[in-house]
Amino acid sequence: MLVLTLFFIFAGIAVMGGILVVSFRNPIYCAFALVVTLFALAGEYILLMAHFIAIVHIAVYAGAIMVLFLFVVMLLNIRTEERASGGVRYMIYIAIPMTAVLFFELAYLTFKGFEKAYVRDTDLGTVERIGEALFSQYVLPFEIASIVLIVAMIGALYLSKRRLAIGE
Amino acid sequence: MTITLLELGFILVKVIVIVVLMLLTVAYMTLAERRVSAWIQDRKGPNRVGPAGLFQPIADGLKFFFKEDIIPAHVDRFFYLIAPIIMLVPALLTFAIVPFGDQFSTYIGDQLVTFRFQIADLNVGILYFVSIASLGVYGLFFAGYSSNNKYSMLGGLRSSAQMISYEIPMGLSIVAVILMSGTLRLQDIVFDQYQLWNIFRQPLGFLIFLVAAFAETNRLPFDLPEAEQELVGGYHTEYSSMKFAMYFLAEYANLITSSAIITTLFLGGWHVPFGILEALNLPIIAEQIVQILSFAVKTGFIMFLYLWVRWTLPRFRYDQLMNIGWKKLLPLALLNIVVTALVIAIF
Numbered sequence: 002m003l004v005l006t007l008f009f010i011f012a013g014i015a016v017m018g019g020i021l022v023v024s025f026r027n028p029i030y031c032a033f034a035l036v037v038t039l040f041a042l043a044g045e046y047i048l049l050m051a052h053f054i055a056i057v058h059i060a061v062y063a064g065a066i067m068v069l070f071l072f073v074v075m076l077l078n079i080r081t082e083e084r085a086s087g088g089v090r091y092m093i094y095i096a097i098p099m100t101a102v103l104f105f106e107l108a109y110l111t112f113k114g115f116e117k118a119y120v121r122d123t124d125l126g127t128v129e130r131i132g133e134a135l136f137s138q139y140v141l142p143f144e145i146a147s148i149v150l151i152v153a154m155i156g157a158l159y160l161s162k163r164r165l166a167i168g169e
Numbered sequence: 016m017t018i019t020l021l022e023l024g025f026i027l028v029k030v031i032v033i034v035v036l037m038l039l040t041v042a043y044m045t046l047a048e049r050r051v052s053a054w055i056q057d058r059k060g061p062n063r064v065g066p067a068g069l070f071q072p073i074a075d076g077l078k079f080f081f082k083e084d085i086i087p088a089h090v091d092r093f094f095y096l097i098a099p100i101i102m103l104v105p106a107l108l109t110f111a112i113v114p115f116g117d118q119f120s121t122y123i124g125d126q127l128v129t130f131r132f133q134i135a136d137l138n139v140g141i142l143y144f145v146s147i148a149s150l151g152v153y154g155l156f157f158a159g160y161s162s163n164n165k166y167s168m169l170g171g172l173r174s175s176a177q178m179i180s181y182e183i184p185m186g187l188s189i190v191a192v193i194l195m196s197g198t199l200r201l202q203d204i205v206f207d208q209y210q211l212w213n214i215f216r217q218p219l220g221f222l223i224f225l226v227a228a229f230a231e232t233n234r235l236p237f238d239l240p241e242a243e244q245e246l247v248g249g250y251h252t253e254y255s256s257m258k259f260a261m262y263f264l265a266e267y268a269n270l271i272t273s274s275a276i277i278t279t280l281f282l283g284g285w286h287v288p289f290g291i292l293e294a295l296n297l298p299i300i301a302e303q304i305v306q307i308l309s310f311a312v313k314t315g316f317i318m319f320l321y322l323w324v325r326w327t328l329p330r331f332r333y334d335q336l337m338n339i340g341w342k343k344l345l346p347l348a349l350l351n352i353v354v355t356a357l358v359i360a361i362f
């Protein structure tokens with residue numbers, strides 16, 4: 002009962018945060034709302050006994066990515082989002098129905114697979130279990146993911162350095 | 016998992032005692048800072064309020080409460096009000112995972128009860144510290160943004176760049192410790208140092224962690240976010256009264272927590288060195304108290320080290336700060352991991 006109550010509290014915060022992310026005009030407020038949403042999601046992960054995922058979620062998204070994002074927003078001194086111009090303004094009339102369709106699809110699939118979604122094992126989310134899974138069953142996808150990340154990093158570095166070379 | 020009412024009560028007592036003790040220590044750290052700085056610079060320092068100036072923090076606290084609380088007209092009110100809170104909460108939260116004593120089990124009535132001298136024994140352990148400590152930067156950030164003041168803005172920008180840069184070597188130096196102990200739980204990391212403290216097994220890791228911890232707590236020689244000579248007051252220029260005091264509280268609470276984490280990771284936690292405890296052969300309660308005292312003494316020494324360094328070394332320039340972080344500490348931390356992993360794999 003306690004778990005269910007907490008679930009609805011966290012879910013409510015997450016949904017509210019999500020709505021605020023898209024409705025604020027000031028990017029700093031949007032980012033703050035997104036951080037709140039990320040925390041609410043971390044709370045849901047803890048309720049699912051996935052402590053490792055929850056804490057890594059906070060460390061990576063709230064602790065690193067959002068900080069970098071805010072850093073860029075502040076460095077460029079963006080005060081408010083500019084109003085979209087031209088044809089982009091009418092995109093909203095396509096975006097809303099498409100979002101609605103996507104939402105119903107997701108909801109349908111989730112409710113269909115509801116029985117499969119409950120947690121069977123209480124130490125599933127511990128560091129030991131995730132480590133074992135990553136380095137035995139999923140070792141190839143894990144290594145491929147790391148290679149993809151390295152390629153992206155080298156690419157970013159190359160692009161930024163090339164701009165520097167042209168400027169000099 | 017069932018928690019008896021007794022254990023729940025014990026957890027509540029621990030939370031209250033630790034928060035109160037931390038706030039008290041913060042108050043007396045301000046006094047210690049001023050007395051130690053005076054001692055280092057051959058002055059007397061505050062010695063008028065009470066015996067040897069011992070009531071000075073109380074006077075300071077009262078003064079903070081009675082100061083006029085000004086909210087400047089040009090600030091972004093929401094972030095201006097929430098920033099000190101965001102700063103203080105992670106600073107107090109991180110202490111929850113520090114084990115400050117051994118655990119023991121005893122029968123009360125006919126029920127086996129385990130007392131842990133740690134608020135939360137988390138499976139993710141040290142990762143919790145890394146992730147929650149990195150949230151403090153939002154406090155600096157929002158303060159810098161909302162103040163609508165160029166000095167605050169520069170302070171906020173500097174602090175976020177600095178904290179992101181030094182989190183990486185800090186995390187990597189922790190990885191080497193985790194490799195040695197094979198666990199993330201802080202209590203197990205302390206048990207692992209029963210024979211030999213990690214400072215002797217991981218001297219390089221200790222140095223990297225220490226430097227990164229100084230940078231993460233914004234202490235000299237890394238106090239660029241609030242460099243008085245360049246930035247007036249840095250991110251808290253526009254703050255007054257208790258909101259300013261909350262930044263102070265957060266800074267010292269961070270200092271205490273990182274001292275406690277350094278003690279836990281590298282100085283053997285609550286272990287008493289040289290087998291003194293075994294030689295004394297005390298009853299179990301006295302043994303626990305000696306261990307908690309041992310932890311307090313080690314943490315106190317690291318806190319003194321913070322003060323000592325602050326009043327001895329000058330501030331780095333911004334480019335020097337970035338060079339040390341990215342070009343020196345990061346490769347050294349990576350080297351440390353590789354060497355540690357090789358040694359573990361071979362032996």
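Heads up: the sequence lines are chains H and Y, in that order.
The opening residue of the first sequence carries number 2 in my numbering; numbering runs sequentially from there.
The opening residue of the second sequence carries number 16 in my numbering; numbering runs sequentially from there.
Don't be surprised by glycine CBs; every beta carbon is placed ideally from N, CA and C.
Proximity of chain H to leucine 150 of chain Y at the Cβ level (cut-off 7 Å) is accounted for by Ala63 and Gly64, in chain order. For the pair alanine 41 of chain H and alanine 15 of chain H, the Cα-to-Cα distance works out to about 5 Å. With respect to leucine 282 of chain Y, tyrosine 166 of chain Y sits apart: the two C-beta atoms are not nearer than 8 Å. Phenylalanine 119 of chain Y is bridged by DSSP to Y:Phe130. Beyond the five residues adjoining it in sequence on each side, threonine 314 of chain Y comes within less than 6 Å, by CB distance, of Ser274, Ala275 and Thr278 in the same chain, given in chain order. With a beta-carbon spacing of about 32 Å, phenylalanine 80 of chain Y and isoleucine 112 of chain Y fall beyond the 8 Å limit used to define contacts. In the structure shown, phenylalanine 93 of chain Y falls within a helical segment according to DSSP collapsed to helix, strand and coil.
Going by DSSP, asparagine 213 of chain Y is part of the alpha helix (DSSP H) stretching over 213-216.
Lysine 258 of chain Y is classed as buried because its beta carbon has at least 16 other beta carbons within 10 Å across all chains shown. Leucine 172 of chain Y has its alpha-carbon roughly 24 Å from the corresponding atom of serine 256 of chain Y. Residues of chain H whose Cβ lies closer than 7 Å to the Cβ of tyrosine 166 of chain Y do not exist, since the nearest Cβ in that chain is about 14 Å away. Secondary structure at aspartate 334 of chain Y: helix, using DSSP grouped into helix, strand and coil. Listed in chain order, the non-local C-beta contacts of phenylalanine 70 of chain Y below 8 Å within the same chain comprise Val64, local neighbours out to five positions each way being set aside.
For valine 324 of chain Y, the three-state secondary structure derived from DSSP is helix. Burial check for methionine 92 of chain H: the Cβ neighbour count within 10 Å stays below 16, so the residue is exposed. At a cut-off of 8 Å between beta carbons, glycine 284 of chain Y makes no contact with chain H. Here the C-alpha atom of leucine 194 of chain Y lies approximately 16 Å from the C-alpha atom of isoleucine 223 of chain Y. Taking C-beta atoms as the reference points, leucine 336 of chain Y and tyrosine 250 of chain Y fail to come closer than 8 Å. Around the beta carbon of methionine 154 of chain H, fewer than 16 other beta carbons lie within 10 angstroms, which makes this residue exposed. In the three-state scheme derived from DSSP, where H, G and I count as helix and E and B as strand, lysine 82 of chain Y is classed as coil. If you draw a straight line from the Cα of valine 192 of chain Y to the Cα of threonine 40 of chain Y, it is about 28 Å long. Sixteen is the threshold: since fewer than 16 other Cβ atoms of the shown chains lie within 10 Å of the Cβ of proline 288 of chain Y, the residue is exposed. Judged by pairs of C-beta atoms under 8 Å, the segment 89-107 of chain H does not touch the segment 49-59 of chain H, as fewer than three such pairs exist. Closest in C-alpha terms to valine 30 of chain Y, from the list Y:Ala227, Y:Asn338, Y:Leu308 and Y:Arg131, comes Y:Arg131. The distance from the Cβ of isoleucine 29 of chain H to that of leucine 71 of chain H is about 7 Å, consistent with a contact at the 8 Å cut-off.
For glycine 171 of chain Y, the neighbours in chain H by C-beta distance under 8 Å run, in chain order, Met75.
Distances from the CA of phenylalanine 331 of chain Y to each of Y:Phe221, Y:Gly290, Y:Asn233 and Y:Leu20 were compared; the closest alpha carbon is that of Y:Asn233. In this structure, DSSP gives serine 162 of chain Y a state outside helix and strand, which the three-state scheme calls coil. Residues of chain Y whose Cβ lies closer than 8 Å to the Cβ of phenylalanine 8 of chain H do not exist, since the nearest Cβ in that chain is about 18 Å away.
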